[in-house]
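Undergrad: For the protein sequence lines, the chains are A and B, in the order given. Under the numbering used here, the first sequence is numbered contiguously, ending at residue 500. Under the numbering used here, the second sequence is numbered contiguously, ending at residue 572. For each residue, glycine too, the CB sits at the ideal point set by N, CA and C. Here the structure is a predicted model, which means the values were calculated and not measured.
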Amino acid sequence: MIARVTTFTIDGLEPRAVVVEADLRAGLPAFTIVGLADRAVSEARERVKAAILNSGFEFPQRRVTVNLAPAHVRKAGGGFDLAIACAILAAEGALSAADLAPLAVFGELSLGGEVRACPGTLAAAEGARRLGLDGLVVPLDRSREAALIDGVCAVGIACLAELPAALRGDGPPPPPPLAPAAPLVPAPDLSDVRGHAAPIEALTVAAAGAHHLLLSGPPGTGKTMLARRLPSILPPLESDEAIEVTRIHSVRGLHGEAGLVLRRPFRAPHHTTSAAGLVGGGRPPVPGEATLAHRGVLFLDELAEFDRRALESLRQPLEDGHVTIARDQRALRFPTRFSLVAATNPCPCGRGGRACRCGEADRARYRRKLSGALLDRIDLLVAVERPTADELAADPVTTSERALGRVAAARERQRDRTGCLNGDLTPAALRATAGADDGAERALRALYERGAVSARGRDRLLRVARTIADLDGVDGVGRAHVLRAAAYRQDESQASVAA
Amino acid sequence: MTMAGGAEGRSTNMACDECVRRSWLVARLAGHLERRRAERTAIRGVLALRDEELIAALGGGRRAVIAAEWDQITPADVLARWSLSGSRALCRCDPRYPAALNDLPDPPAVLHLLGDPGRADELLAGQDGQRGCVAVVGARRSSVEAVEVARDIGRGCAAAGLAVVSGMALGIDSAAHTGALDASGATIAVLACGPDRVYPPSRGRLHAEIAARGLVLSELPPGTTPYRWAFPARNRIIAALAGLTVVVEAAARSGSLITAEIALELGRGVGAVPGPVASWRSSGTNALLRDGAHVIRNARDVLDDLCGAGGARQASDQLELELSGLEPRLRETLIAVDRGADSLAAHASTPEAVAGALEALAELELLGLVTRLPGGRYAVTRRLSSAADDRCEVLTNLTHPGDRASR
Chain A
2 MIARVTTFTI DGLEPRAVVV EADLRAGLPA FTIVGLADRA VSEARERVKA AILNSGFEFP
62 QRRVTVNLAP AHVRKAGGGF DLAIACAILA AEGALSAADL APLAVFGELS LGGEVRACPG
122 TLAAAEGARR LGLDGLVVPL DRSREAALID GVCAVGIACL AELPAALRGD GPPPPPPLAP
182 AAPLVPAPDL SDVRGHAAPI EALTVAAAGA HHLLLSGPPG TGKTMLARRL PSILPPLESD
242 EAIEVTRIHS VRGLHGEAGL VLRRPFRAPH HTTSAAGLVG GGRPPVPGEA TLAHRGVLFL
302 DELAEFDRRA LESLRQPLED GHVTIARDQR ALRFPTRFSL VAATNPCPCG RGGRACRCGE
362 ADRARYRRKL SGALLDRIDL LVAVERPTAD ELAADPVTTS ERALGRVAAA RERQRDRTGC
422 LNGDLTPAAL RATAGADDGA ERALRALYER GAVSARGRDR LLRVARTIAD LDGVDGVGRA
482 HVLRAAAYRQ DESQASVAA
Chain B
166 MTMAGGAEGR STNMACDECV RRSWLVARLA GHLERRRAER TAIRGVLALR DEELIAALGG
226 GRRAVIAAEW DQITPADVLA RWSLSGSRAL CRCDPRYPAA LNDLPDPPAV LHLLGDPGRA
286 DELLAGQDGQ RGCVAVVGAR RSSVEAVEVA RDIGRGCAAA GLAVVSGMAL GIDSAAHTGA
346 LDASGATIAV LACGPDRVYP PSRGRLHAEI AARGLVLSEL PPGTTPYRWA FPARNRIIAA
406 LAGLTVVVEA AARSGSLITA EIALELGRGV GAVPGPVASW RSSGTNALLR DGAHVIRNAR
466 DVLDDLCGAG GARQASDQLE LELSGLEPRL RETLIAVDRG ADSLAAHAST PEAVAGALEA
526 LAELELLGLV TRLPGGRYAV TRRLSSAADD RCEVLTNLTH PGDRASR
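Structure, rendered in structure tokens:
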């Protein structure tokens, strides 16, 4: 007697279909699982056996062989338990094989027969849709997550004993997809910030043009506070973006409330994070912070303290918007379109300005730690100062709502002009579409001739100037826009001045 | 000492045998001197000893060996070996040797020079419109502001025709040299190692620039590594060469104070740039001022000191004229930066002000009137009241930024 059940293994972020075959035949009672299974899958034997017995079914007193096909795909995790149990019960005749055929099954079992959530339900639901299946049997508390995928009926069950009824269709009705409800804790808003007019303007420019930003300032002046508020001035996730983000968070098991992720993610990895932690890695490869920050904000506080190799590894993600991790003769691709906000102290002692106690050599060394591939991709640098007492007492300079309005309008202009954001334009496309007037060209030329910017820096300057013009609602880039962009640039001539 | 035959005819090396032997001996005993320094035995005056006394004082157990080596050297061979590095030797018997150094109780027997020979002679002789030398020295671990002041003084003095002498150390010294080079002026680096060696190593580019456009000199022959005793020793050369020694920033017990002390003993002028009274960085310079050093705020004060009061007046009028040509908005921003509003935030407290402040600061930077420091701070490139005789020329350079970029 043989039965087949479809389930999924999550390979990176991608669902891969796995067919669980159960074969029962006469012989001494035994239970074997074959098919390149990892330890968690092999241990499924004990869980499945106990769960079947504790749910009021019989475990076949025969020779049970379970095969996970295709055999060459490495299978990991506890998500096969429910499928293995279903296959055995179907082979025995306790479940109807015909009812199971148009469904996929994804979930972990406890010894008592309860069905437990395991990471990646949304990805599995997407896999079910790709295979053209009718539905997906998932743990009850994940059914709303699975229901986010159109065209796949999510069948939620709390324990294995509910399965026959659910398959017959007289179980509890599937819950509606989680309505996009207001998050419980309001997102941090710019109206919490006093003073900091200049850094807030820089944040707005960064949000409008998808530029990366470096905040420099003494500790405790509000760099982190400002960075945390960047998501609030980014336009809300569009529905496909939201599903993408939810899938990533679901695979990493970060996704507590089991619904659509509505807020743009904000990830702030500690400076001891390794390269694998930042861009993903491990065996099997899991997405790193860069991917978790996809469509949101990656905040690197104390940039100079990060391991150099870890920072260098961010180069491809920043450049290509994805990262490719090769392990075990296959390459996995994780999306990494995030806005980078980095923060650093102005010098090793952190005091900056007149109170600084560092020597020129200390400062030069500190700058060298920062230099390199990463800074090349950061278009905006802004100093964050301690707000004055007057500024602290005054009203906030703006609110996220107002800033968001400007950002949305500027993004609209960019999309109308080139179809993408200024930060994503190639240099050639940028020069062709920027519409820099004579005054702007002269200013760019003067800055270049002064040695204030490099050839690459010139393009960056134009890019930021274009975004500033978009925020102003102007078609052409003028001299004033270039000058304002120049005030945000990182100083590339700094090293030559010191030498 | 007598002029040895044959030495005079050389075009590259101008040193008599006796001075060559002396310079060789100092280099040979450098390690011994270093040990004596470590033992905290007083070393002042040691370099004033005669050759035999020097061997006896420093040679210790090896004195007989060293004396024998010293007897056997051939000055011509030593000179030939020194010249391999591209440096020249100038001994104190040569008429081109700077007379100012003879004020020292222990003038170096030979100066090892790296740089264009013609230019070197001019610089040392104080010809070609040279009004003399000013030493600009200070701490290695210096504040950003002090570095700007040093660069400003170097620039202004060099533009006015003074040669800027310093020690090429990190911080103030390098900034003074850089300023002088910025103004395409004359600058002399006095090193505590052979003139061909770069110390500190990170100043390789500056060393090459000074050798190409100014003069690098040392008491120690080419190839000699830096010794700790050599730093105060080279300070005496700096102090003797310059008519005025300006200490820009020095904490208590700083090496720059040794330079000031020697300058005082030699009867040269000593000036200091005042700093905040509570700042540990400026405690040394403030103490100098308390003891009667001249107050130096900018290049103009240096010129007034060296060339008589009013020496720099006309030029400053020229600058005021130039500033009055600025848009009022830019002038206000410039004055605010000069008064300590050194960050963008200080100019943009309201969202409406941000765009204008960004624009004004970038415009001023483009005009070369402010510079951006690390971390997005700003500093004025010259104090507003500072000026030099050649200010007109400097300002012309500013309005044609290409000239600066080409350096």
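Check each residue of the stretch 356-386 of chain A: if its Cβ is closer than 9 Å to any Cβ of chain B, include it; give the result in chain order.
TA: Taking 9 Å as the Cβ-Cβ cut-off against chain B, the residues of the stretch 356-386 of chain A that qualify are Cys357, Arg358, Cys359, Gly360, Glu361, Ala362, Asp363, Arg364, Ala365, Tyr367, Arg368, Leu382, Val383, Ala384, Val385 and Glu386.
Undergrad: Could you check which residue in B:Leu534, B:Arg399 and B:Ala351 has the C-alpha nearest to that of Ala376 (chain B)?
TA: The shortest C-alpha separation from Ala376 (chain B) is found at B:Ala351.
Undergrad: What's the gap between the Cα of Ala522 (chain B) and the Cα of Leu509 (chain B)?
TA: Looking at the two C-alpha atoms, the distance is approximately 7 Å.
Undergrad: Output, in sequence order along the chain, the residues in the stretch 503-520 of chain B whose CB is closer than 9 Å to any CB in chain A.
TA: Those would be Gly505, Asp507, Ser508, Leu509, Ala510, Ala511, His512, Ala513, Ser514, Thr515, Pro516, Glu517, Ala518, Val519 and Ala520, in chain order.
Undergrad: Would you mind sorting Glu361 (chain A) into buried or exposed? The rule is 16 or more other CB atoms within 10 Å of its CB.
TA: Buried, since its Cβ has 16 or more Cβ neighbours within 10 Å.
Undergrad: Which residue spans inside the stretch 8-38 of chain A form an unbroken beta strand (DSSP E) run of at least 3?
TA: The stretch 8-38 of chain A contains these whole beta strand (DSSP E) runs: 15-26 and 31-35.
Undergrad: Closer than 8 Å by beta-carbon distance: list the chain A residues that pair up with Val355 (chain B), in chain order.
TA: Per Cβ cutoff of 8 Å: no residues; Val355 (chain B) is ~20 Å from chain A at best.
Undergrad: So, is Met2 (chain A) buried or exposed, given that buried needs 16 or more other C-beta atoms within 10 angstroms?
TA: That one is exposed.
Undergrad: Closer than 8 Å, CB to CB, is Ser308 (chain B) near chain A or not?
TA: Yes, its Cβ sits closer than 8 Å to a Cβ of chain A.
Undergrad: Name, please, each residue of chain A whose Cβ falls closer than 7 Å to the Cβ of Val312 (chain B).
TA: Within chain A, the residues near Val312 (chain B) are Glu361.
Undergrad: Which residue from A:Leu214, A:Leu255, A:Ser217 and A:Lys224 puts its Cα closest to that of Arg195 (chain A)?
TA: Here the closest residue by C-alpha is A:Lys224.
Undergrad: Can you pull the chain A neighbours of Gly336 (chain B), defined as C-beta to C-beta under 7 Å?
TA: Within chain A, the residues near Gly336 (chain B) are Gly360 and Glu361.
Undergrad: Do you know offhand how far Val275 (chain B)'s Cα is from Val185 (chain B)'s?
TA: Each residue's Cα considered, the two are about 7 Å apart.
Undergrad: Using the beta-carbon of each residue, which ones in chain B are nearer than 9 Å to Thr399 (chain A)?
TA: Ordered by position in chain B, the residues that pass the 9 Å Cβ test against Thr399 (chain A) are Pro516.
Undergrad: Which residues mark the beginning and the end of the alpha helix (DSSP H) in which Val467 (chain B) is found?
TA: Segment Ala464 to Cys472, the alpha helix (DSSP H) holding Val467 (chain B).
Undergrad: Determine, using beta-carbon pairs with one atom in the stretch 48-60 of chain A and one in the stretch 112-119 of chain A, whether at least three such pairs fall under 8 Å.
TA: Short answer: they touch.
Undergrad: Please determine if the stretch 378-392 of chain B and the stretch 428-439 of chain B are in contact, where contact requires at least 3 C-beta pairs separated by less than 8 Å.
TA: Contact fails: fewer than three Cβ-Cβ distances are below 8 Å.
Undergrad: Taking the beta strand (DSSP E) that Cys181 (chain B) belongs to, which residues open and close that run?
TA: It is not in any beta strand (DSSP E) - Cys181 (chain B) carries neither H nor E in the DSSP assignment.
Undergrad: Using 8 Å as the limit for Cβ to Cβ distance, is Ala429 (chain A) near chain B?
TA: For Ala429 (chain A), the answer is no, since every Cβ of chain B falls outside 8 Å of its Cβ.
Undergrad: Just curious, the beta strand (DSSP E) that Phe300 (chain A) is in, first and last residue?
TA: Counting along the chain, the beta strand (DSSP E) containing Phe300 (chain A) begins and ends at Val298 to Leu301.
Undergrad: Is Ile150 (chain A) helix, strand or coil when you go by DSSP?
TA: Reduced to three states, the DSSP call for Ile150 (chain A) is coil.
Undergrad: Distance, Cα to Cα, Met226 (chain A) vs Ala199 (chain A)?
TA: Their Cα atoms are separated by approximately 14 Å.
Undergrad: Counting Cβ pairs closer than 8 Å, one from the stretch 471-482 of chain A and one from the stretch 202-209 of chain A, do we hit at least three?
TA: Output reads yes: the stretch 202-209 of chain A touches the stretch 471-482 of chain A.
Undergrad: Please classify Pro232 (chain A): is it buried, with 16 or more other beta-carbons within 10 angstroms of its beta-carbon, or exposed?
TA: Looking at its Cβ environment, which holds 16 or more other Cβ atoms inside 10 Å, Pro232 (chain A) is buried.
Undergrad: When you compare only the Cα positions, how much space is there between Ser308 (chain B) and Arg230 (chain A)?
TA: Spanning the two alpha carbons is a distance of roughly 34 Å.
Undergrad: With 16 as the cutoff for other CB atoms within 10 Å, does Gln415 (chain A) come out buried or exposed?
TA: Looking at its Cβ environment, which holds 16 or more other Cβ atoms inside 10 Å, Gln415 (chain A) is buried.
Undergrad: Quick one: what's got a C-beta closer than 8 Å to Asp391 (chain A)'s C-beta in the same chain, skipping five residues either side?
TA: Excluding residues within five positions, none has a Cβ falling inside 8 Å.
Undergrad: Identify whether Phe396 (chain B) lies in helix, strand or coil by the three-state DSSP scheme.
TA: Phe396 (chain B) falls in the helix class under three-state DSSP.
Undergrad: Please report how far the alpha carbon of Ala232 (chain B) lies from the alpha carbon of Cys181 (chain B), in whole angstroms.
TA: Taking the straight line from one Cα to the other gives about 20 Å.
Undergrad: If you count every other CB in all the chains shown that lies within 10 Å of the CB of Asp321 (chain A), and 16 or more means buried, which is it?
TA: When all chains shown are included, Asp321 (chain A) counts as exposed.
Undergrad: Under the three-state reduction of DSSP, which class applies to Glu492 (chain B): helix, strand or coil?
TA: Here Glu492 (chain B) sits in coil by DSSP.
Undergrad: Okay, do the stretch 72-87 of chain A and the stretch 36-48 of chain A touch, 3+ Cβ pairs below 8 Å being the bar?
TA: In short, these stretches touch, since the Cβ pair count reaches three.
Undergrad: Against Ala488 (chain A), what residues of chain B qualify as contacts under a CB-to-CB distance less than 7 Å, listed in chain order?
TA: Simply Leu509, Leu523, Leu526 and Ala527.
Undergrad: Kindly indicate the opening and closing residues of the beta strand (DSSP E) around Ile326 (chain A).
TA: Where Ile326 (chain A) is concerned, the enclosing beta strand (DSSP E) stretches over His323 to Arg328.
Undergrad: For the candidate residues A:Arg169, A:Arg432, A:Ile234 and A:Gly281, whose alpha-carbon lies nearest to that of Ala409 (chain A)?
TA: For the residues A:Arg169, A:Arg432, A:Ile234 and A:Gly281, the minimum Cα distance to Ala409 (chain A) belongs to A:Ile234.
Undergrad: Which partner residues of Asn68 (chain A) appear in the DSSP bridge assignment?
TA: Its beta-bridge partners are A:Glu22 and A:Val35.
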